[in-house]
Each structure stands twice: as C-alpha cells, then as structure tokens.
Ligand SMILES: [Zn+2]
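In our numbering, the protein residues as written are 886 to 949.
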C-alpha cells in the first residue's frame with residue numbers, strides 16, 4: 886500500500902476536476918488545499934479505512 890495516494894475531486898467552486906495528493910498514513914485528517922484552477926481554498930476532510938481506502942469530503946470554506 887502506498888502512503889501517498891492521488892485522489893481526484895471536483896472543486897466546489899469551479900467544478901473542475903483536480904487531483905489531490907493524500908497522505909494515507911493518517912486515519913483522519915482535514916486541511917485546506919487551494920484549487921489549482923480557481924485558486925480558492927477547498928476544505929478537505931479525509932478518512933482512510935483499515936484497508937487503505939480513502940474517502941474524501943469536499944466543502945467550500947463557508948461550509949465549515
Ligand atoms: Zn476551483
């Protein structure tokens with residue numbers, strides 16, 4: 886299992902697909918990543934299951 890995984894998401898602002906690199910060694914994390922297309926801050930909530938499956942929730946900053 887690779888600890889760094891690339892996950893595709895849709896930006897909540899501009900709806901473009903962007904790729905986020907996730908550190909799968911942490912079970913639960915949240916952080917802000919700027920969209921590479923529109924540069925607005927995306928609030929990401931990442932959880933990793935026992936089998937290394939990554940679930941990502943994407944919110945805009947007003948959603949927090
Ligand atoms: Zn965007």
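Don't be surprised by glycine CBs; every beta carbon is placed ideally from N, CA and C.
These figures come from a predicted structure and were not determined experimentally.
Here residue 946 carries a helix assignment [DSSP, helix/strand/coil]. If only complete runs of 3 or more residues are kept, the region 894-942 shows the beta strand (DSSP E) at 902-908, 913-919 and 926-933, in order along the chain. In the structure shown, residue 889 adopts extended strand secondary structure according to DSSP, grouped into three states. Taking every protein chain shown into account, the CB of residue 909 has 16 or more other CB atoms within 10 angstroms, so this residue is buried.
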